[in-house]
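Counting in the working numbering, the sequence shown runs from 1 upward without gaps. Backbone N, C-alpha and C fix where the C-beta goes; we use that ideal spot for every residue, glycine too. Here the structure is laid out as structure tokens; the discussion comes afterwards.
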Amino acid sequence: MDPHWRLRYTLLAPHRLGFSLAVVMLLAASLWWALVQLERASGVLGLPGAMPEFLTHAAAMGFGFMPLFFAGFLFTAGPKWLDVAPLSVAQIQWPLFMQCLGWLLWLLGGLWSRPLALAGLALAWVGLVWMSLLYAGLVRASRAPNQLHGKMARAAFFVGCISVAALGLSMLAGRDDLARAWALTGIWGFIGVVFMTVAHRMIPFFTHGKIPGVEAWRPTWVMALLAVAVGAQAVFVWLGMLPWPEGLASAGLWLRGAFEWAIGLVLIWLAVRWGLVPALKIPLLGMLHIGFLWLGLSNLIAGTADWWSASAGAPMWQLAALHAFTMGCLGSLILAMVSRVAAGHSGRPLVAGALVWSLFLLLQLTVVVRVVAALPMAAGAALLALAAVLWLAIMAVWGLRLLGWWGRVRIDGNPG
């Protein structure tokens, strides 16, 4: 058995290629953002900038690596869900390469050239559409009696393709405000829905398999609840773009906050119902549950921010809830799910280990720092820089370790 790392081994299975490219893009986007935050805090790096940093950041973090992680997971587990023949690496590799290259060009363009960024965006969009069509083909070919999760993911990919295209068209029209709205629409309506679909399918299943007495409870209405929880935020993005009269805008914030608190409390109840407390005794499983818990917490934070904004008559703490969701919920779930798949498909035991668990706990601290940094305070810039550097360090240690696995054959000698 060959013990060496070889690039060609990343092409042995869909999860190897998808996850490897995702980590490359994750580290590139995280490095760029850490440098931006250090520049803001110190002013000594002299970074160039051809586009608004918030837009480069939102698109790269939202669409740059997440769909590649999806590819690694959905082209591995998806065929089993749908009871269809899996696609080969040769069938999916080019749309994945296009997305990775396109988003790397987007980052470079954000620094030096808006046309280069748009060219990268177009390339990434073509890759995303191609990948979405390949996945939709699996769903179309399925005769499985329960296709709920496959169809939910397919619908989310449709939203993602529209969002990325509209983002680019908005930039061409000089409407960076609309581009930001479309980026957020994709984060909630595409990335969020796919994550909730996978969570609904896998968290009860994994918990039932590890903890006696905990049933794999996942009724269809819970899937609908999860879709509403993330989909409503996409709707709120566009409602916030409308020119409401002052009194009506304030009333809307009070109502929105009440909705977010209500759904946040239900989501926290759901986390407990799914076995949050006993799952904490098993780190790899507990990571999934803690990641899901952040969805409920992000809604509570969002509701609090809305009420605060209504009382103050100005936007307050607006980015706190978004990052509780993206870093806390999505970041934790990515670390948990990918670690699990990587261990299982490399012939290793399904355990988190001291390193992964420590990185995960540090990630939780990083999320808290980023959420607090959204408060109006003098230390905000320093806290943002700290959160960005911690995020980069966590993802670098975690991602480079797994890249070492994906470039080597399985330790048990099995194929895949």
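Item: To the nearest angstrom, how far is the alpha carbon of Arg11 from that of Met98?; Value: Reading off the sequence, residue 11 comes out as Leu, not Arg. Answer to the nearest angstrom: the Cα atoms are 15 Å apart.
Item: Indicate whether Met337 and Thr366 have their beta-carbon atoms separated by less than 8 Å.; Value: no
Item: Leaving out five residues on either side along the sequence, give the residues of the same chain with a beta carbon under 6 Å from the beta carbon of Gly257.; Value: Gly303, Asp306, Trp307
Item: Less than 6 Å between C-beta atoms, sequence neighbours within five positions excluded: which residues of the same chain meet that for Ala111?; Value: Position check: residue 111 holds Leu in this sequence, whereas Ala was assumed. For Leu111, where only same-chain residues beyond five positions count, the Cβ hits under 6 Å are Pro48.
Item: Going by alpha carbons, who is nearest to Ala373 out of Gln364, Leu361, Val397, Ala387?; Value: Ala387
Item: Indicate whether Phe75 and Val341 have their beta-carbon atoms separated by less than 8 Å.; Value: no
Item: Would you kindly work out how many angstroms separate the C-alpha atoms of Leu330 and Pro376, rounded to a whole number?; Value: 25 Å
Item: Within its chain, find whatever has a CB closer than 6 Å to the CB of Trp130; leave out the 5 residues flanking it on each side and keep chain order.; Value: Pro95
Item: Could you tell me whether the region 35-45 touches the region 79-95, using the rule of 3 or more Cβ pairs below 8 Å?; Value: no
Item: Three Cβ pairs or more, each shorter than 8 Å: is that satisfied between the region 183-196 and the region 153-172?; Value: yes
Item: For Gly399 versus Leu26, is the C-beta spacing smaller than 8 Å?; Value: yes
Item: Does the Cβ of Gly46 have 16 or more other Cβ atoms within 10 Å, making it buried, or fewer, making it exposed?; Value: exposed
Item: Among Trp391, Ile394, Val369, Ile263, which one has its Cα closest to the Cα of Leu383?; Value: Val369
Item: Using three-state DSSP, classify Arg6 as helix, strand or coil.; Value: coil
Item: So does the region 397-413 actually touch the region 347-363, counting three or more Cβ pairs closer than 8 Å?; Value: yes
Item: Got a sec? Which residues, its chain only, sit under 6 Å from Ala310 by beta carbon, not counting five neighbours each side?; Value: Ser250, Leu253, Trp254
Item: Quick check: Ser30 and Trp391, are their CB atoms within less than 8 Å of each other?; Value: yes
Item: Measuring CA to CA, which of Gly231, Ser332, Pro145 is closest to Met66?; Value: Ser332
Item: Excluding the 5 residues preceding and the 5 following Val409 in the sequence, name in chain order all residues of the same chain whose CB lies nearer than 7 Å to its CB.; Value: Met1, Asp2, Tyr9
Item: For the candidate residues Gly231, Ala165, Phe63, Gly286, whose alpha-carbon lies nearest to that of His208?; Value: Gly286
Item: So, is Glu215 buried or exposed, given that buried needs 16 or more other C-beta atoms within 10 angstroms?; Value: exposed
Item: Please identify the residue among Pro212, Leu362, Leu295 whose C-alpha is closest to the C-alpha of Trp269.; Value: Leu295
Item: Report the residue ranges of all alpha helix (DSSP H) runs contained in full by the region 49-76; include only those spanning at least 4 residues, in chain order.; Value: 53-59
Item: Rounded to the nearest angstrom, how far is the Cβ of Leu107 from that of Thr56, given a contact under 8 Å?; Value: 7 Å
Item: In whole angstroms, what separates the C-alpha of Gly231 from that of Val44?; Value: 41 Å
Item: Is it right to say Asn414 is buried, meaning 16 or more other beta carbons lie within 10 angstroms of its own, or is it exposed?; Value: exposed
Item: What does the Cβ neighbour count give for Met171, buried or exposed, with the cut at 16 atoms within 10 Å?; Value: buried
Item: Going by DSSP in three states, Ala310 sits in which element: helix, strand or coil?; Value: helix
Item: Got a sec? Which residues, its chain only, sit under 6 Å from Ala124 by beta carbon, not counting five neighbours each side?; Value: Gln99, Gly102, Trp103
Item: Return the Cβ separation of Leu284 and Ala352 in integer angstroms, given the expectation that the two are a contact with Cβ distance under 8 Å.; Value: 4 Å
Item: With a Cβ-Cβ cutoff of 8 Å, do Gln91 and Leu134 count as a contact?; Value: yes
Item: Check whether the Cβ atoms of Ser346 and Ile282 lie closer than 8 Å to each other.; Value: no
Item: Would you mind sorting Glu246 into buried or exposed? The rule is 16 or more other CB atoms within 10 Å of its CB.; Value: exposed
Item: Can you tell which of Lys151, Ser113, Leu128 has the C-alpha that lies nearest to the C-alpha of Ala71?; Value: Leu128
Item: Within this structure, are the beta carbons of Arg180 and Ala58 separated by less than 8 Å?; Value: yes
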